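To start, the structure under review is shown below, and the notes come after it.
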Amino acid sequence: MSAFLEIEDLKVSFTTEDGVVQAVDGVSLLVAQGRTLAIVGESGSGKSVTSAAIMGLHNRRRTTVTGSIRLDGEEIVTASDARLRELRGKRMAMIFQDPLSSLHPFYSVGKQLVEAARVHQNLSRSDARALAVEMLNKVGIPHAERRADEYPHQLSGGMRQRVMIAMALMNDPELIIADEPTTALDVTVQAQIVDLLATLQDELGTAIVLITHDLGVVANTADDVAVMYAGRVVERGSVRDIFYRPQMPYTWGLLSSLPRMDNDRSTRMVPIPGQPPSLINLPPGCVFRPRCEYHQFVPDGRCDTERPALGDVAEGHAIRCHLAQADRARFAAERLSLPTKEGA
Amino acid sequence: MGSYVIRRVGAMILMLVAQSIAVFLLFAVLPSNPAALTCGKTCTPQVIKANEVRLGYDKPLYVQYGLFVKGIFVGREYGSGTAAFECPAPCLGYSFNRSENVTDLIKSRLPVTAVEAVGACILWLTGGTLVGILAALKRGRWPDRLSMGTALIGYSFPTFFIGLVIQYLVIFKLRIMAYPSYTPFADDPVAWAKAFILPCITLAVVYAAFYARLTRNQMLDTLGEDYIRTARAKGLSERSVIGRHALRAGLTPIMTAAGLDLAGLLGGVVITEQVFGLPGLGNLALNSVLAADLPVITAVVLVAGAFIILANLVVDLLYAVIDPRVRVG
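These protein sequence lines are chains R and B, in that order.
Counting the first sequence from 1 gives a position; the numbering used here is that position plus 3.
Oh and the second sequence: position 289 is 269 in the numbering used here, straight run, nothing missing.
The structure is reproduced here in structure tokens:
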């Protein structure tokens, strides 16, 4: 399986009044055609910055991007603005968090879809319009012909997000980046949107990068998961690895702060204490060390002095952690009361 | 859309009525006696009394207001017997200082002010928005700093100062043109046009500074909107992103400001007209205030207020055309 999107040692920094913010530091990820990679993390963990860098939507004057992002083998980091514009919307499309503010309030949704198609395809206005209606149908908008003439404020939140998805699909892209696509929606609508994305992916074979902090969404849709913290991937693996065999204390924290149906009531949701660190002048050592309750089990204070590298613990499963393998297994079992068998 | 227009127009009519009552009352309670001003030094109590009757100031206020409104719609008659004379509709009053119908006075002055205001508006809108857009696109770099710094200076000086500086530079220092004197269009169109050049530039400089800053801030706000990011994510060229997506949303508030500013100027450009000797509404208003010519002042204030109310309506309706969100509800 060849990867459609390959990110290698991506570093993104921008200059602010307070200093240089290293928003993304050494991220490497792969997404194959037809697969979904979920990037999970708190606000400020660098997940949205990573997605902006893939699309080339960061402010090029204030942002420094190094490393490599390859789309079907083509380097994006060093690509020209003109080339990026050709790729954006055509081979890679993006769905944003808040569909109301992401759609232009003054243009009908049909017009906005038509525009998306006509940037990249040589279509007449009426053909583009027909395609727009077809796409609106496809994303499950009833009376698509009529809805196309409505304005974003006339649609419900779920409908707007469907419009955004339809807009992303106008040019049949091979990669869709969905940046928190369900965060601004009602819970019931969230499930519909997640299902819609999954159905479309089955049908079209699109690669999806799903940025989210909602582990429920991840469990339902993702093939692979990357957990990000302070601009780094701290754990990366298949969705089963992350939910059944998590190896990194931060991932444990995320999982145990989730409500679970299979636990009795005596098991409480446990928030992770503390705050993510400032990304300006990070101290040496593990970035998660100040919030980690297990660092005393690592000898010689290595958590304070040495940044853990991303190391494989199993085929396709990697973590950044100094804890010994036996300790990790013990603590994980304690923390999460993990099911003993997969699929339980 | 239809019901929206009807509601807005209805609201406008109510505003006009309220405004006319307010203005009428305001001037009615002033201590100045307009009847006394009609005779000057020859005044005796008898003459004043007679004038009061002739002008209708002896009647109760609501009757006076009724007569005033009647005058606007069907015309009215002043005095009685042989001294009676007709003021045809729309009659805004009669100035005994000038022995002229106020309506005719305003009709002769308004075009001058209108040409001046519209000319200035075209200049400042083009100049101000272009500079503002440029500054927003070059945010933080020298074109931004230079233009915004200049705008701040222009914006800080009072109109009469800028007018006098322009007058001094253009007429006395560089001698580009002679001091213009207003000539009616029918007499000499070129001389007529020349009289407007400097007043228009003066007004435009004052307003353009404000509009450049306003446009810049509007554009920066708009460029930070999520839908601009969406437009970029579609792969649109920067030209389309700015031209089709950012400008339309960013310039809508500019239109509001321009509509109201233009209406404000139509009510009289007091200072600039004074500096450049243009016989416009502002000039009329100032001279009437100095002469305590109450009927004229009342009428000018009414007309100026009506322009503002009308401009509000026009701007609201335009907004509904541009922004679909306004149409509902």
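Glycine included, each C-beta is placed from N, C-alpha and C at the ideal position.
From a predicted model like this one, the values you see are computed outputs, not experimental measurements.
Could you name the residues of the same chain whose beta carbon sits closer than 7 angstroms to that of residue i, not counting the 5 residues immediately before and after it, in chain order?
| i | result |
| --- | --- |
| residue 155(R) | 103, 106, 108, 112 and 163 |
| residue 215(R) | 41, 43, 183 and 221 |
| residue 338(R) | 255 and 259 |
| residue 283(R) | 21, 22, 23 and 24 |
Starting from residue i, follow the alpha helix (DSSP H) in both directions and report where the run begins and ends.
| i | result |
| --- | --- |
| residue -7(B) | -18 to 8 |
| residue 164(R) | 160 to 172 |
| residue 109(B) | 82 to 117 |
| residue 195(R) | 190 to 207 |
| residue 89(R) | 84 to 90 |
| residue 41(B) | 41 to 54 |
| residue 22(R) | That residue, residue 22(R), is in no alpha helix (DSSP H); its beta strand (DSSP E) goes 22 to 35. |
| residue 147(R) | 147 to 150 |
| residue 244(B) | 227 to 246 |
| residue 123(R) | 112 to 123 |
| residue 140(R) | 128 to 141 |
| residue 143(B) | 139 to 147 |
Specify the secondary structure class of residue i as computed by DSSP and reduced to three states.
| i | result |
| --- | --- |
| residue 44(R) | coil |
| residue 273(B) | coil |
| residue 326(R) | coil |
| residue 244(R) | helix |
| residue 199(B) | helix |
| residue 14(R) | strand |
| residue 4(R) | Residue placement at residue 4(R) is flagged as unreliable, the pLDDT there being 49, under the threshold of 50; the coordinate-derived value follows with that caveat. Three-state result, residue 4(R): coil. |
| residue 306(R) | helix |
| residue 214(R) | strand |
| residue 316(R) | strand |
| residue 283(B) | helix |
| residue 237(R) | strand |
| residue 67(B) | strand |
| residue 177(R) | coil |
| residue 58(B) | strand |
| residue 182(R) | strand |
| residue 187(B) | helix |
| residue 281(R) | coil |
| residue 166(B) | coil |
| residue 252(B) | helix |
| residue 22(B) | helix |
| residue 74(B) | strand |
| residue 173(B) | helix |
| residue 131(B) | helix |
So residue i and residue j are in contact, right, with Cβ under 8 angstroms, and what is the actual spacing, rounded?
| i | j | result |
| --- | --- | --- |
| residue 258(B) | residue 66(B) | Not quite, the Cβ-Cβ distance comes to about 31 angstroms (not below 8 angstroms), so this is no contact. |
| residue 195(B) | residue 129(B) | Contact flag wrong, Cβ pair sits at about 16 angstroms. |
| residue 31(R) | residue 279(R) | With a Cβ gap of about 21 angstroms, residue 31(R) and residue 279(R) do not count as contacting. |
| residue 232(R) | residue 253(R) | 5 angstroms |
| residue 14(B) | residue 274(B) | 4 angstroms |
| residue 260(B) | residue 83(B) | Contact doesn't hold; Cβ gap of about 16 angstroms is too wide. |
| residue 370(R) | residue 197(R) | It is not possible to answer for residue 370(R), since the shown part of chain R is limited to 4 through 347. |
| residue 230(B) | residue 199(B) | 5 angstroms |
| residue 185(B) | residue 156(B) | With 8 angstroms as the limit, residue 185(B) and residue 156(B) do not qualify as a contact, their Cβ atoms being about 16 angstroms apart. |
Please compile the residues from chain C whose C-beta is within a distance smaller than 7 angstroms of the C-beta of residue i.
| i | result |
| --- | --- |
| residue 101(R) | Of the chains in the structure shown, none is chain C; the protein chains are R and B. |
Excluding the 5 residues flanking residue i on each side, which residues of the same chain have their C-beta closer than 6 angstroms to its C-beta?
| i | result |
| --- | --- |
| residue 244(R) | 320 |
| residue 305(R) | 325 |
| residue 250(R) | 316, 322 and 331 |
| residue 296(B) | -12 |
| residue 159(R) | none |
| residue 68(R) | 15, 56 and 80 |
| residue 52(R) | 15, 26 and 27 |
| residue 75(B) | 82, 273, 275 and 276 |
So, for residue i: in the same chain, excluding its five sequence neighbours on each side, which residues have a beta-carbon less than 8 angstroms away from its beta-carbon?
| i | result |
| --- | --- |
| residue 35(R) | 4, 5, 6, 7 and 210 |
| residue 269(B) | 277 |
| residue 302(B) | 228, 232 and 235 |
| residue 144(R) | 150, 162, 165, 166 and 169 |
| residue 193(B) | 112, 128, 131, 132 and 135 |
For the beta strand (DSSP E) that contains residue i, what are its first and last residues?
| i | result |
| --- | --- |
| residue 71(R) | 66 to 74 |
| residue 229(R) | 227 to 232 |
| residue 96(R) | 95 to 98 |
> Which residues, in chain order, does the stretch 210 to 222 of chain B contribute to contact with chain R at a C-beta distance below 9 angstroms?
Replying inline: 210, 211, 212, 213, 214, 215, 216, 217, 218 and 220
> Which residues, in chain order, does the stretch 116 to 132 of chain R contribute to contact with chain B at a C-beta distance below 8 angstroms?
Replying inline: 118, 119, 122 and 123
> Closer than 7 angstroms, Cβ to any Cβ of chain B: which residues of the stretch 27 to 51 of chain R, in chain order?
Replying inline: none
> Got a sec: which bits of the stretch 242 to 265 of chain B sit with their beta carbon under 9 angstroms from any beta carbon on chain R, in order along the chain?
Replying inline: none
> In the stretch 223 to 243 of chain B, which residues sit with their C-beta less than 7 angstroms from some C-beta in chain R, listed in chain order?
Replying inline: 225, 228 and 229
>> Along the stretch 100 to 127 of chain B, where does the CB come closer than 8 angstroms to a CB of chain R? Name the residues.
In response: none
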